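Engineer: Numbering (the working numbering), first residue to last: 153 to 567. The C-beta atom is built at its ideal place from N, Cα and C for all residues, glycine as well. Note that the structure is a prediction, hence the values are computed from the model and not measured.
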Amino acid sequence: GIDKLNAEIAAGEQRKETLEAELETARQQHDRQQQHARELAQQHGEKLTEVRLLADQFRRVKPEALAGDGDDALREQAATLRRRCEQLEAAYQLSETELQALRQELDTLRGESSAIAAQLKAQYAALAEVTQALQDTLTESPYPDFAAVATILATELDIDSEKQAIDTFYRQLHADARQLEQLEAAAEGKAYDPEAHAALVAELNELQEQLRRQHQALGALENALKALSENLLKKTELLKTREALQLRGDNIRILKGMFKGSGFVNFVSAVFLQNLCNAANARFHQLTRRRLQLEVTESNDFQVRDFLNDGQVRSVKTLSGGQTFQASLCLALALADQVQKLSSAEQNFFFLDEGFGTLDREALQVVFETLKSLRKEKRVVGVISHVEELQQEIDVCLWVRNDETKGSQISASWV
Numbered sequence: 153g154i155d156k157l158n159a160e161i162a163a164g165e166q167r168k169e170t171l172e173a174e175l176e177t178a179r180q181q182h183d184r185q186q187q188h189a190r191e192l193a194q195q196h197g198e199k200l201t202e203v204r205l206l207a208d209q210f211r212r213v214k215p216e217a218l219a220g221d222g223d224d225a226l227r228e229q230a231a232t233l234r235r236r237c238e239q240l241e242a243a244y245q246l247s248e249t250e251l252q253a254l255r256q257e258l259d260t261l262r263g264e265s266s267a268i269a270a271q272l273k274a275q276y277a278a279l280a281e282v283t284q285a286l287q288d289t290l291t292e293s294p295y296p297d298f299a300a301v302a303t304i305l306a307t308e309l310d311i312d313s314e315k316q317a318i319d320t321f322y323r324q325l326h327a328d329a330r331q332l333e334q335l336e337a338a339a340e341g342k343a344y345d346p347e348a349h350a351a352l353v354a355e356l357n358e359l360q361e362q363l364r365r366q367h368q369a370l371g372a373l374e375n376a377l378k379a380l381s382e383n384l385l386k387k388t389e390l391l392k393t394r395e396a397l398q399l400r401g402d403n404i405r406i407l408k409g410m411f412k413g414s415g416f417v418n419f420v421s422a423v424f425l426q427n428l429c430n431a432a433n434a435r436f437h438q439l440t441r442r443r444l445q446l447e448v449t450e451s452n453d454f455q456v457r458d459f460l461n462d463g464q465v466r467s468v469k470t471l472s473g474g475q476t477f478q479a480s481l482c483l484a485l486a487l488a489d490q491v492q493k494l495s496s497a498e499q500n501f502f503f504l505d506e507g508f509g510t511l512d513r514e515a516l517q518v519v520f521e522t523l524k525s526l527r528k529e530k531r532v533v534g535v536i537s538h539v540e541e542l543q544q545e546i547d548v549c550l551w552v553r554n555d556e557t558k559g560s561q562i563s564a565s566w567v
């Protein structure tokens, strides 16, 4: 009937819209393929022009133009021309390879274009068939034109909701019919008693009144429970605030005690010194092959923990000359790193002006190894010393000599 016709018309319209969308997509894809093919042809022309230009430049080089030059100049020009020739040959080979690839891609695109054109033709034919089928269906229908059909289809109708309402109605009708049958069966052979009916009504009213009072009592209990919950939440928040205030008070008392005399300065100095010691140990622990470690005492003095002797603690004065230099260097580098971070400086230059003359040969060897290890950290280290052994280990250096007539004379090792 009409519903079937409406469904067929709607399906035809949807099929028509789908075909039109597919047709537009195919047309756009065809246009993109054509544009890509034109771009590939243009790239091929540019590559071919570049190769021809390079070949023409190569042919313009004449031998008589080089007759006035010397042998070195001729050899240099010959090498330049040879490299240029190799570059031209490589460019030509590359252009030929790219041209071959472009031709293959162009053939592929032409094949795809032909396939898309065939698809377009088939889509046009399918669209014409759908349009004719819609027209035939409309002719057989009672509707005058497509506008009338569109008006009916545009009517807003919640089909799921209407169907659910109808199903609900039939279920309720079926339940009422069964209940009516049960009531008729129960009332069969019985007479109506007005007094019993009145008593039941009175009892029902009393039960409803009791239920109302219980609901009121339940509402009051729920309100009381809600108030208690809110008070409990407030109590929890107050306890948290109290704990925070107590912690703040404890911190204030600690700060108050620290600010008495030089307590705060000592505290900050101790923290900074401990951080400095930790930073120095990162390097000192490795330089000593994990044998020694610097520590800060409660009196802000340095001590050494010796892991070769069960981790025993001893004075820094017991260190050898080389170990003392390593400890001093690590502390100095750690301090330099702290200063560099605070000043946001990028310079990584470090100067040493130490009394190396008091060190023995073994201690000097430790100094050499330590200074060389700084190269791995990309540090530039300058050393001021008069010790010959140390000078021999340094690749780049400046010598400063005192001349009786000219004064201080500076000479470089690389000159």
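(1) Which residues in the same chain have their Cβ closer than 8 Å to the Cβ of D547, if we skip the five residues on either side of it in sequence?
(2) With distances taken Cα to Cα, identify the nearest neighbour of V423 among H437, S451 and L397.
(3) For G153, which three-state DSSP category applies?
(4) Could you name the residues of the same chain whose beta carbon sits closer than 7 Å to that of S421, not counting the 5 residues immediately before and after it, in chain order?
(5) Taking the continuous alpha helix (DSSP H) assigned at R435, which residues delimit it?
(6) Do the CB positions of P264 and Q185 come within less than 8 Å of each other?
(7) Look at the Cβ atom of T522, then the Cβ atom of F454, and state whether they are nearer than 8 Å.
(8) Quick one: what's Q445 bridged to in DSSP?
(9) Tell me where the beta strand (DSSP E) around F501 begins and ends.
(10) For L384, does the three-state DSSP call read helix, strand or coil?
(11) Give the DSSP-derived three-state secondary structure of L471 in the structure shown.
(12) Where does D297 fall in DSSP's three states?
(13) Tell me, please, which residues DSSP counts as bridged to L550.
(14) At least one CB of chain B closer than 8 Å to the CB of L471: is that the case?
(15) Which runs of the beta strand (DSSP E), 3 residues or longer, sit entirely within the stretch 340 to 396?
(16) Compute the distance between the beta-carbons of L504 and V535, then report whether it is under 8 Å.
(17) State buried or exposed for V519, treating a residue as buried only when at least 16 other CB atoms are found within 10 Å of its CB.
(18) So V448 packs on C429, CB below 8 Å; how close in whole Å?
(19) Considering only the beta carbon of each residue, do G272 and R179 sit closer than 8 Å?
(20) Can you confirm whether the stretch 550 to 566 touches the stretch 470 to 490 when touching is taken to mean that 3 or more C-beta pairs between the two stretches lie within less than 8 Å?
(21) Select from L356, Q195 and G463 the residue whose C-alpha is nearest the C-alpha of Q252.
(22) Which runs of the alpha helix (DSSP H), 4 residues or longer, sit entirely within the stretch 279 to 329?
(23) Per DSSP, V535 forms a beta bridge with which residues?
(24) Look up G263 in the DSSP assignment and say whether it is helix, strand or coil.
(25) With 16 other CB atoms within 10 Å as the buried threshold, where does V491 fall?
(26) So what's G463 in DSSP terms, helix, strand or just coil?
(27) E250 to D259, Cα distance in whole Å?
(28) Would DSSP call D576 helix, strand or coil?
(29) May I ask you to report which of helix, strand or coil DSSP gives A493?
(30) For F321, count neighbouring C-beta atoms within 10 Å of its own C-beta (all shown protein chains included) and say buried if the count is 16 or more, exposed if not.
Structural biologist: Result, derived from the coordinates:
(1) Looking up residue 547 in the sequence shown gives position 395. Closer than 8 Å at Cβ, skipping near neighbours: S565.
(2) Within the sequence shown, residue 423 is the residue found at index 271, counting from 1. For the residues H437, S451 and L397, the minimum Cα distance to V423 belongs to S451.
(3) As a position in the sequence shown, residue 153 is number 1, starting the count at 1. The pLDDT assigned to G153 is 49, lower than 50, so where the model puts this residue is not dependable; a value taken from the coordinates is nonetheless given after this. For G153, the three-state secondary structure derived from DSSP is coil.
(4) On the sequence shown, residue 421 is found 269 positions in, with the first residue counted as 1. So the list reads N452, once near-sequence residues are dropped.
(5) Taking the sequence shown and counting its residues from 1, one reaches residue 435 at position 283. Residues G415 to L439.
(6) Here residue 264 refers to the residue found at position 112 of the sequence shown. Here residue 185 refers to the residue found at position 33 of the sequence shown. Pro is not the amino acid found at residue 264; the sequence shown has Glu there. Yes.
(7) As a working note, residue 522 is residue 370 in the sequence shown. As a working note, residue 454 is residue 302 in the sequence shown. Cβ distance not < 8 Å, so T522 and F454 don't count as in contact.
(8) Position 293 of the sequence shown, counted from the first residue, corresponds to residue 445. The partner list for Q445 (beta bridge, DSSP) reads R457.
(9) Position 349 of the sequence shown, counted from the first residue, corresponds to residue 501. Note, F501: beta strand (DSSP E), F501 to L504.
(10) As a position in the sequence shown, residue 384 is number 232, starting the count at 1. Looking at L384 - three-state DSSP - the assignment turns out to be helix.
(11) If you number the sequence shown from 1, residue 471 lands on position 319. It is coil, neither helix nor strand.
(12) Numbered from its first residue, the sequence shown carries residue 297 at position 145. Residue state, collapsed to three classes: coil.
(13) On the sequence shown, residue 550 is found 398 positions in, with the first residue counted as 1. Partner residues in the beta bridge of L550, as assigned by DSSP, are A564.
(14) Absence of chain B from the displayed structure is noted, only one protein chain being present.
(15) none
(16) As a position in the sequence shown, residue 504 is number 352, starting the count at 1. As a position in the sequence shown, residue 535 is number 383, starting the count at 1. The answer is yes: Cβ separation under 8 Å.
(17) Sequence index remark: in the sequence shown, residue 519 carries index 367 (1-based). Counting of Cβ neighbours within 10 angstroms places V519 among the buried residues, the total reaching 16 or more.
(18) Locating residue 448 in the sequence shown gives position 296, counting from the first residue. Locating residue 429 in the sequence shown gives position 277, counting from the first residue. About 5 Å; that satisfies the 8 Å criterion.
(19) Sequence index remark: in the sequence shown, residue 272 carries index 120 (1-based). Sequence index remark: in the sequence shown, residue 179 carries index 27 (1-based). Correcting the residue type first, residue 272 is Leu in the shown sequence and not Gly. Against a cut-off of 8 Å, the Cβ pair of R179 and L272 comes out as a contact.
(20) no
(21) The sequence position of residue 252 within the sequence shown is 100, counting from 1. Checked all of L356, Q195 and G463; the closest Cα to Q252 is Q195.
(22) Here the runs fully enclosed are 298 to 305.
(23) Your numbering for residue 535 matches position 383 in the sequence shown. V535 pairs with L504.
(24) Taking the sequence shown and counting its residues from 1, the one referred to as residue 263 is at position 111. G263 falls in the helix class under three-state DSSP.
(25) Reading the sequence shown from its first residue, position 339 is the one you call residue 491. A residue is called buried once 16 or more other Cβ atoms fall within 10 Å of its Cβ, and V491, having fewer, is exposed.
(26) Taking the first residue of the sequence shown as 1, we reach residue 463 at position 311. Residue state, collapsed to three classes: coil.
(27) Position 98 of the sequence shown, counted from the start, is the residue given in the question as residue 250. Position 107 of the sequence shown, counted from the start, is the residue given in the question as residue 259. Distance from the CA of E250 to the CA of D259, rounded to the nearest whole angstrom, comes to 14 Å.
(28) Examination of residue 576 is not possible in this model, given that the chain is present from 153 through 567 alone.
(29) Locating residue 493 in the sequence shown gives position 341, where the first residue counts as 1. The sequence given here has Lys at residue 493, not Ala. Helix.
(30) Working through the sequence shown from its first residue, we reach residue 321 at position 169. The residue is exposed, with fewer than 16 neighbouring Cβ atoms inside 10 Å.
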